[in-house]
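Residue numbers (the working numbering), protein chains in the order written: chain R, 978 to 1156; chain A, 47 to 483. Glycine included, C-beta positions come from ideal geometry on N, C-alpha and C. Small disclaimer: the values here were computed from a predicted structure and weren't measured.
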Amino acid sequence: MESTNKIPPRWLLATIRTCDAVSLWSGKLVAWLIFPMVLSLVYEVVARYIFDAPTTWAYDMTYILYGSFFMLGSAYTLLKKGHIRTDTYYAAWSVQRQGLVDAVCYVVFYFPGMLAFVYVCWGFFVRSFEQGERVVSSPWMPVIYPLKGALFMAIVLLIVQGFSELLKSIWAARHGKWL
Amino acid sequence: MSPEWIGILSLVVLFGAIFVGFPIAFTLIAVALVFGLIGLGELTMHLMTLQFFSVMKETTLASVPFFLFMGYLLEQSGLMERLFRGVQLLLAPLRGSLYLAVLITATIFAAATGIVGSSVTLLGVMAAPAMKRSKYDVRLSAGTIAAGGTLGILIPPSVMLIVMGPVVGVPTTDLFAAAVVPGLLLSGLYIAYTLMRSYLNPSLGPALPLDERRPLGYVLKELIFGIAPIVLVIMATLGVILAGIATPTDAGAVGAFAVFVLTLIYRRMTWEKLKKAVFSTLEVSCMILLLVAASNFFGAVFSRLGSATLIAESLLTLNFSPTIMLLLILAIIFVLGWPLEWVPIVLIVVPILMPLVQKLGIDLVWFCTLVAVCLQTAWLSPPVALSAYFLKGVVPDWELKDIYAGMMQFMVLQIIGLLLILYVPQIALWLPALLRE
């Protein structure tokens, strides 16, 4: 097919590569949080069971890191096509059709959801930040706005990567090739 | 339109969108948002942030990345291959010894990992060449690897059970305890079946040729120094969880740390392999946990609309006995397990059926175990059997039809196992009751 070989304009490729790079590097950075997560709990277990001196911070630390870990890594996973989809039908379609379906779904499902999310999430974060909200159920009482900020950042990253995916699917729908 | 029917309509749209093939997490968010705004109003917007945030703060779910990391470290380090080699050498003179070695390795690996994909791939890579060299039956070999690999999703620390706990409202530790005996029962059924067939027909699994054997002293040394430490770490991690000494999250972190240290001691870890383990952990954690968060949001909207209660009540008017109803529920889950993966089934379908299960007075731990075995079976059911594709991916010269034919034999064993657990609930409930005392 002739259209398959059409060369994408430079601005399009540049936009896609920039978005992809943001997700790729944010993911590569966030992935290493697994080590502080593991180490803070190992420290806690040793302190508690061997020295009988549990820490006040390890549990809060674990969920703050874990919550940031999977939310901030979601854009990377989107880039790597890691979010599961049912490919019973999808896999059998032509690239054009896959691109068309994806493009429609990004417009109908993805962006309305994510844009609404980023809007409420900003308020959620700002309220917490202004009040200096703390976790009262914990002896350490950490401020919680960084975790809410991570949720907000994660949605921003998902919007950036979603934009790249939308461009890729429109190109696929028109020219039958995934960029 | 009443709120209940708005909820039902949202389900129809949701399943439509799921089958179109868009990533499920994002479909869930959009559908919950739109139907929530129609049925509940502005509250929906706040439910969204609150539900996501509560999943981010859920320490039990933090064990998911730990167990994934532990599995990937073992996979990348090649320590499981060493275990397989050791068991294989020990059993070499026995007919069907490779089947036995695959299944023992699979069962031990299942106690360290929480997912299916990596086990099938790993077993395929290490066992298939030896099976081909030793002229093993292709179908039985493929079936053994595929079935053995699926044990990872059933035997604790199964990620499926970690996710199912909060959905059903049962402690994860209870679900872990309940899955131990059924997991071993199935593994035992596989072993009995493969050994029986090799015994009756030696051409299916001949004893290994002499050049594949080693002196006993070498084998014992290998087992003690190469294998025992890793098995000990895996068993200790599970043991402290089951004994209620540590939470799955604590044990998962310490287990992952111990496995990491072992891979360093054995000099099996390189920078490239570590990076691969770390990035795979992130990718699969995000896939599962983002879906957990999105379905929690959907579930919060759906339950407030009252549709699950409506579904439960209308099904109850059918007046079936609880047993028939349970069989019906399991059949629905099994059938949905063909096109769908376990994640959406556990997170979307199970919560919809929960009010019904509760009204029928079915024991929840037993129910979860049955669901888990059902979904594990779905991995083996052609034509949409992911295990077959994973296996075909690493052993390209095995025909897909032979892999299917092998898996079908193990499907029969799965159904026998499922029926046993159905008629003897003690298989699932005995260990949790024992540990609670």
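Quiz item: Under 9 Å, do T1136 (chain R) and V1078 (chain R) count as touching if we go by C-beta distance?
Solution: Here residue 1136 (chain R) turns out to be Ile, not Thr, going by the sequence shown. In this structure, V1078 (chain R) does not lie closer than 9 Å to I1136 (chain R) by Cβ.
Quiz item: Would DSSP call V1113 (chain R) helix, strand or coil?
Solution: coil
Practice problem: Would you please verify whether the beta carbon of I1011 (chain R) is less than 9 Å from any beta carbon of chain A? | Solution: Taking Cβ atoms only, chain A reaches closer than 9 Å to I1011 (chain R), which makes this a yes.
Quiz item: Taking only beta-carbon atoms, is A1150 (chain R) less than 9 Å away from chain A?
Solution: no
Self-check item: Proximity test, Cβ basis, 9 Å: I64 (chain A) and chain R
Solution: Cβ-Cβ to chain R under 9 Å: yes for I64 (chain A).
Quiz prompt | Three-state secondary structure (DSSP) of V148 (chain A) | solution = Assigned with DSSP and collapsed to three states, V148 (chain A) falls in helix.
Quiz prompt | Three-way DSSP call (helix, strand, coil) for V417 (chain A) in this model | solution = helix
Quiz item: Could you give the distance in angstroms between the alpha-carbon of K114 (chain A) and the alpha-carbon of V330 (chain A)?
Solution: Before going further, note that residue 114 (chain A) is Leu rather than Lys in the sequence given. In a straight line, the C-alpha of L114 (chain A) is about 8 Å away from that of V330 (chain A).
Quiz item: Whose Cβ in chain R lies nearer than 8 Å to the Cβ of P248 (chain A)?
Solution: None at all; the shortest Cβ gap to chain R is about 41 Å.
Quiz item: Just curious, the alpha helix (DSSP H) that D1037 (chain R) is in, first and last residue?
Solution: 1035–1049
Quiz item: Which of the three DSSP states, helix, strand or coil, is assigned to V1120 (chain R)?
Solution: strand
Self-check item: Where the alpha helix (DSSP H) containing H92 (chain A) begins and where it ends
Solution: Its alpha helix (DSSP H) spans residues 89–102.
Quiz prompt | Secondary structure of P69 (chain A), DSSP reduced to three states | solution = coil
Quiz item: Hey, is C996 (chain R)'s beta-carbon within less than 9 Å of any beta-carbon in chain A?
Solution: no
Exercise. Could you tell me whether the stretch 324–338 of chain A touches the stretch 84–92 of chain A, using the rule of 3 or more Cβ pairs below 8 Å?
Key: no
Quiz item: What are the start and end residues of the alpha helix (DSSP H) that includes G285 (chain A)?
Solution: 274–288
Quiz item: What residues in the stretch 363–397 of chain A bring their beta carbon closer than 7 Å to a beta carbon of chain R?
Solution: Listed by position along the chain: P385, L386, E387, V389.
Quiz item: From which residue to which residue does the alpha helix (DSSP H) around E1107 (chain R) run?
Solution: Taken as a continuous stretch (DSSP letters only), the alpha helix (DSSP H) holding E1107 (chain R) covers 1088–1108.
Exercise. Flag S1000 (chain R) as yes if its beta-carbon sits less than 9 Å from any beta-carbon of chain A, otherwise no.
Key: no
Quiz item: Which residues in the same chain have their Cβ closer than 8 Å to the Cβ of M978 (chain R), if we skip the five residues on either side of it in sequence?
Solution: Only weak support exists for where M978 (chain R) lies, its pLDDT of 46 falling under 50; the value from the coordinates is given anyway. For M978 (chain R), where only same-chain residues beyond five positions count, the Cβ hits under 8 Å are G1153.
Quiz item: V214 (chain A) and C420 (chain A): beta carbons closer than 9 Å?
Solution: no
Practice problem: Answer yes or no: do V66 (chain A) and Y1067 (chain R) have a C-beta to C-beta separation smaller than 9 Å? | Solution: yes
Quiz item: For M978 (chain R), does the three-state DSSP call read helix, strand or coil?
Solution: The predicted model places M978 (chain R) with a pLDDT of 46, which falls under 50 and marks its position as unreliable, so this point remains unresolved.
Exercise. Below 8 Å CB to CB, which residues in the same chain sit around L475 (chain A) once its five sequence neighbours on both sides are set aside?
Key: A224, D409, V411, W412
Quiz item: What residues in the stretch 51–82 of chain A bring their beta carbon closer than 8 Å to a beta carbon of chain R?
Solution: A63, I64, F65, V66, G67, F68, P69, I70, A71, F72, T73, I75, A76, V77, L79, V80
Quiz prompt | 8 Å contact criterion, which G132 (chain A) and I273 (chain A) should meet: CB distance rounded | solution = 5 Å
Quiz item: Of all the CB atoms in chain R, is at least one closer than 9 Å to the CB of V101 (chain A)?
Solution: yes
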